[in-house]
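The sequence shown begins at 120 in my numbering and counts up one residue at a time.
Where is the CB? At the ideal position from N, CA and C, for every residue including glycine.
To keep things clear, I will list the structure first and then write my remarks on it.
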Amino acid sequence: MQHNLCRQTLRLSFSSRSSLRPCIRLAHSDAQFTSAPQQQTRTTAFGFKTVPEDAKESMVKEVFDSVASNYDLMNDATSFGVHRLWKDTFVSSLKPGRKGPLRCIDVGGGTGDIALRILDYAKDNHYDRETAVEVVDINAQMLKEGFKRFKSTMYHNTPQISFHEANAQSLPPSQFSDNSYDLYTIAFCIRNCTSIPEVLKEAHRVLKPGGTFACLEFSQVGNPFLSSLYDQYSFTMIPLLGTILAGDRDSYQYLVESIRKFPPQPEFARMIRDAGFSTGKDVDGGAWTDLWGGIASIHTGVKV
Numbered sequence: 120m121q122h123n124l125c126r127q128t129l130r131l132s133f134s135s136r137s138s139l140r141p142c143i144r145l146a147h148s149d150a151q152f153t154s155a156p157q158q159q160t161r162t163t164a165f166g167f168k169t170v171p172e173d174a175k176e177s178m179v180k181e182v183f184d185s186v187a188s189n190y191d192l193m194n195d196a197t198s199f200g201v202h203r204l205w206k207d208t209f210v211s212s213l214k215p216g217r218k219g220p221l222r223c224i225d226v227g228g229g230t231g232d233i234a235l236r237i238l239d240y241a242k243d244n245h246y247d248r249e250t251a252v253e254v255v256d257i258n259a260q261m262l263k264e265g266f267k268r269f270k271s272t273m274y275h276n277t278p279q280i281s282f283h284e285a286n287a288q289s290l291p292p293s294q295f296s297d298n299s300y301d302l303y304t305i306a307f308c309i310r311n312c313t314s315i316p317e318v319l320k321e322a323h324r325v326l327k328p329g330g331t332f333a334c335l336e337f338s339q340v341g342n343p344f345l346s347s348l349y350d351q352y353s354f355t356m357i358p359l360l361g362t363i364l365a366g367d368r369d370s371y372q373y374l375v376e377s378i379r380k381f382p383p384q385p386e387f388a389r390m391i392r393d394a395g396f397s398t399g400k401d402v403d404g405g406a407w408t409d410l411w412g413g414i415a416s417i418h419t420g421v422k423v
């Protein structure tokens, strides 16, 4: 419209040089007025890379789409099966069913291995067949793997297990209401989320007062010698195994890098408290429990 107006003015005043100038000045002034200031793009870490914050979610989704079908195989290969022991320790430390049936939400638990352990522990140790777990994951492919796993269990097609596609940072309140869960678990997932504080905020929202937040995550190794060995193994063998067993080096390179970018134990414990949870002291055996020298850690907090 501005250019048409200018052309019209030119036609009407072509014979007058003085009336041509206002049209040019008007167009120049208008362009200055409408130019928007440049906004800085918010960034976050994707492994060792810095990426736009709004791009990370889709990039992580691509990683887990790629690894979903080989997820358990690769976990066994890269940890020599130790991840199973860590998950057993994680669930047994929570003692589900000890004080009666629980309503649990397992976030980022697409393959269902934590949910299955919770239900089995409650049944085998406390004769509890009423504890229920809602498995939540942002990745549909991971959820398909979990659903497939549960089809061969006694929990399939029972109220004890359900699968939901949702974002840990913004669980739909209509489906995941305030103050509704006794136990919130998240295992080897939170480091892949764009905003850890937002995940913790949502965990606090959906838990009942007195409910427990429990996170199992790779962490920082305290012993320098063990840390050096662990780094050497992680950055050489894990991407190589990803290439050989899954045909996907890049995804496993990212997963190794994401571990190194995750906050150390005391910093993560402070983030949990900042979200409104009560924790133990900032020591191993307090706010967190180190497994295998800190290769993985269990963090817990109680909603107050």
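- Message: Just to confirm before moving on: does the CB-CB distance between F295 and V254 stay below 7 Å?
- Response: When the beta-carbon positions are compared, F295 and V254 stay at least 7 Å from each other.
- Message: Can you find the residues in the same chain that come closer than 6 Å, C-beta to C-beta, to A187, ignoring five residues on each side of it along the sequence?
- Response: So the qualifying residues of the chain are Q260, M261, E264.
- Which one of V421, V423, I378, I417 has the shortest CA to CA distance from W205? Nearest of V421, V423, I378, I417 to W205, Cα basis: I417.
- Task: Let me know if G405 comes out buried or exposed under the rule of 16 or more other beta-carbons within 10 Å of its beta-carbon.
- Result: exposed
- Message: Within the continuous beta strand (DSSP E) that includes V254, where are the two ends?
- Response: 251-256
- Query: How many Å lie between E249 and G219 at the Cα?
  - Reply: For E249 and G219, the distance between alpha carbons rounds to 8 Å.
- Item | Every unbroken beta strand (DSSP E) within the segment 243-309, with a cutoff of 3 residues, ordered by chain | Fully enclosed beta strand (DSSP E) runs of 3 or longer: 251-256, 280-284, 300-306.
- Where does L145 sit, in a helix, a strand or coil, going by DSSP? Unreliable placement is indicated for L145, whose pLDDT of 37 sits below 50; the coordinate value is still reported in the next sentence. In the structure shown, L145 sits in a helix (DSSP, three-state: H, G or I).
- Query: Alpha carbon to alpha carbon, how far is N194 from A415?
  - Reply: 14 Å
- Measure the alpha-carbon distance for D243 versus Q351 and round it to whole angstroms. 40 Å
- Message: Suppose the cutoff is 6 Å on Cβ atoms and the five residues either side in sequence are ignored; what does the same chain contact list for D191 look like?
- Response: Sequence-distant partners of D191 (beyond 5 residues in either direction) whose C-beta falls short of 6 Å from its own C-beta are missing from its chain.
- Item | Reduced DSSP category for S154 - H, G, I as helix; E, B as strand; rest coil | Legend: pLDDT at S154 = 46, less than 50; position of this residue unreliable, value from coordinates given subsequently. Three-state result, S154: coil.
- What distance in whole Å lies between the Cβ atoms of N298 and K327, which are believed to be in contact at a cut-off of 8 Å? 5 Å
- Query: To which residues of the same chain is C312 closer than 7 Å at the C-beta, ignoring the five residues directly before and after it?
  - Reply: A287, Q288, V318
- Message: Tell me the DSSP secondary structure of D239 in three-state form.
- Response: helix
- Contact with chain C by P382, beta-carbon distance below 7 Å: The structure shown contains no chain C; it is built from a single protein chain.
- Message: Would Y371 and I357 qualify as a contact pair, given that the criterion is a beta-carbon distance under 7 Å?
- Response: Against a cut-off of 7 Å, the Cβ pair of I357 and Y371 comes out as a contact.
- Query: Which residue comes first and which comes last in the beta strand (DSSP E) that contains A365?
  - Reply: Element bounds for A365: n/a, residue is neither H nor E.
- Starting from G216, follow its DSSP beta bridges and name the residues at the other end. G219
- Query: Around the C-beta of V325, are 16 or more other C-beta atoms found within 10 angstroms, so that it is buried, or is it exposed?
  - Reply: By the 10 Å Cβ count, V325 comes out buried.
- Message: Measuring only from the beta carbon, is R368 closer than 6 Å to any heavy atom that is part of the ligand COA?
- Response: Only the bare structure without any ligand can be found here, which leaves the ligand COA out of the picture.
- Determine the closest residue to T355 out of G341, Y373, G229, P343, with distance taken between C-alpha atoms. Y373
- Report buried or exposed for L221, applying the criterion of at least 16 other Cβ atoms within 10 angstroms of its Cβ. Result: buried.
- Quick one: what's got a C-beta closer than 6 Å to A333's C-beta in the same chain, skipping five residues either side? L213, T304, T419
- Task: Kindly indicate the opening and closing residues of the alpha helix (DSSP H) around T197.
- Result: 190-198
- Task: Quick one: measure Cβ to Cβ for G216 and A241, integer angstroms, because I've assumed they're closer than 8 Å.
- Result: 3 Å
- Proximal residues to D403 (C-beta, below 6 Å), its chain only, five neighbours per side dropped: These residues qualify, in order along the chain: D409.
- Message: Classify E386: buried if its beta carbon has 16 or more other beta carbons within 10 angstroms, exposed otherwise.
- Response: exposed
- Message: In this structure, how does DSSP classify S314 when only helix, strand and coil are distinguished?
- Response: coil
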